[in-house]
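> In my numbering, the protein residues as written are 469 to 715.
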């Protein structure tokens with residue numbers, strides 16, 4: 469059975485809707501889709517993206533939504549006591565211009581002044597987030613295993629069994645995962661590291677085609693034999709495996 473993967477959306481509802489249309493045209497309304505996380509930040513419609521995905525899950529669509537680092541940053545901000553993600557540089561925070569929380573909060577009607585205490589912003593933002601959206605963030609899976617594929621937002625630590633993989637690595641890792649040229653127990657399907665277009669590296673498939681930076685959100689069709697296809701308006705485009713190179 470064909471599986472579909474959709475990479476980092478980053479608040480671009482129009483790109484998500486286009487990607488969903490391409491998947492439906494290829495696999496029908498009941499297509500099994502794995503979303504690789506990073507639904508929020510940078511784009512203008514994070515609220516709409518979460519609502520679209522939550523609606524699909526509530527309607528019983530066979531969708532699996534994984535947690536990305538940006539989703540966790542947002543989730544932690546909305547805890548009773550906001551948590552800072554230790555993987556961000558010390559001067560960064562969710563609303564830093566490099567992260568994208570300002571755009572996410574704006575989609576919920578919350579304006580972030582240039583200077584504001586975190587505690588004050590937290591109090592201002594809490595009433596704007598629907599409980600359903602917080603539940604969506606908290607309920608996201610870290611990985612999804614299906615046949616020869618392992619779906620995870622950022623990647624895995626090479627040589628470690630699945631049970632030993634940490635949440636930190638699964639939502640944040642780049643090296644040594646990206647440069648690892650040997651086989652994994654699965655073909656790892658991931659996002660997190662933006663490239664120009666989804667690419668098959670034999671031992672992994674990076675589906676983050678840079679939708680956050682102006683590129684299209686390109687869904688990928690995955691077959692049981694390990695073959696992969698990028699979906700376009702003209703149909704399937706085969707993704708020829710290439711040697712692994714650091715993204």
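Glycine included, each C-beta is placed from N, C-alpha and C at the ideal position.
Return the CA-CA distance between residue 607 and residue 518, expressed in angstroms with no decimal places.
Taking the chain shown and counting its residues from 1, the one referred to as residue 607 is at position 139. Taking the chain shown and counting its residues from 1, the one referred to as residue 518 is at position 50. C-alpha separation (whole angstroms): 12 Å.
> Suppose only complete runs of 4+ residues qualify. What are the alpha helix (DSSP H) ranges in the segment 628-664, listed by chain order?
Correct list: 635-640.
> From residue 603 to residue 481, what does the alpha carbon distance come to, in whole angstroms?
Against the chain shown, residue 603 aligns to sequence position 135. Against the chain shown, residue 481 aligns to sequence position 13. Rounded to whole angstroms, residue 603 to residue 481 spans 20 Å at the Cα level.
> Which residue from 565, 566 and 538 puts its Cα closest to that of residue 553?
Indexing the chain shown from 1 puts residue 553 at position 85. The option with the nearest alpha carbon to residue 553 is 538.
> Report yes if the C-beta distance between residue 666 and residue 673 is below 8 Å; otherwise report no.
As a first step, residue 666 must be located in the chain shown, where it is residue number 198. As a first step, residue 673 must be located in the chain shown, where it is residue number 205. Yes, they are a contact pair.
> Indicate the three-state DSSP secondary structure (helix, strand or coil) for residue 609 in the structure shown.
Position 141 of the chain shown, counted from the first residue, corresponds to residue 609. Three-state result, residue 609: strand.
> Among the candidates 541, 474 and 694, whose CA atom is the shortest distance from the CA of residue 709?
Looking up residue 709 in the chain shown gives position 241. It is 694.
> What residue range does the alpha helix (DSSP H) around residue 470 cover?
Position 2 of the chain shown, counted from the start, is the residue given in the question as residue 470. It is not in any alpha helix (DSSP H) - residue 470 carries neither H nor E in the DSSP assignment.
> Shortest alpha-carbon distance to residue 590 belongs to which of 547, 565, 568 and 681?
On the chain shown, position 122 is the one that residue 590 refers to. When each option's Cα is compared against that of residue 590, the closest is 547.
> If you run the structure through DSSP and keep just helix, strand and coil, what is residue 516?
As a position in the chain shown, residue 516 is number 48, starting the count at 1. It is helical.
> For residue 586, does the count of other Cβ atoms within 10 angstroms reach 16, so buried, or fall short, so exposed?
Your numbering for residue 586 matches position 118 in the chain shown. So residue 586 ends up on the exposed side.
> Could you tell me whether the Cβ atoms of residue 658 and residue 622 are closer together than 8 Å?
To locate residue 658, count along the chain shown from 1; it is residue 190. To locate residue 622, count along the chain shown from 1; it is residue 154. The answer is yes: Cβ separation under 8 Å.
> Could you give the distance in angstroms between the alpha-carbon of residue 683 and the alpha-carbon of residue 523?
For this step, residue 683 is matched to residue 215 along the chain shown. For this step, residue 523 is matched to residue 55 along the chain shown. Rounded to whole angstroms, residue 683 to residue 523 spans 25 Å at the Cα level.
> Output yes or no for whether 8 Å exceeds the beta carbon distance between residue 534 and residue 612.
Along the chain shown, read from residue 1 onward, the residue named residue 534 stands at position 66. Along the chain shown, read from residue 1 onward, the residue named residue 612 stands at position 144. Inclusion of residue 534 and residue 612 in the CB contact set at 8 Å is warranted, their separation being smaller than that value.
> For residue 668, which three-state DSSP category applies?
The sequence position of residue 668 within the chain shown is 200, counting from 1. Three-state DSSP puts residue 668 in a strand.
> Would you mind reading off the limits of the alpha helix (DSSP H) that contains residue 545?
The sequence position of residue 545 within the chain shown is 77, counting from 1. 537-545 is the span of the alpha helix (DSSP H), which, as asked, contains residue 545.
> Does the segment 563-579 come within contact of the segment 484-501, defined as at least 3 CB pairs closer than 8 Å?
Look at the beta carbons and you see the segment 563-579 not touching the segment 484-501: under three pairs across the two are nearer than 8 Å.
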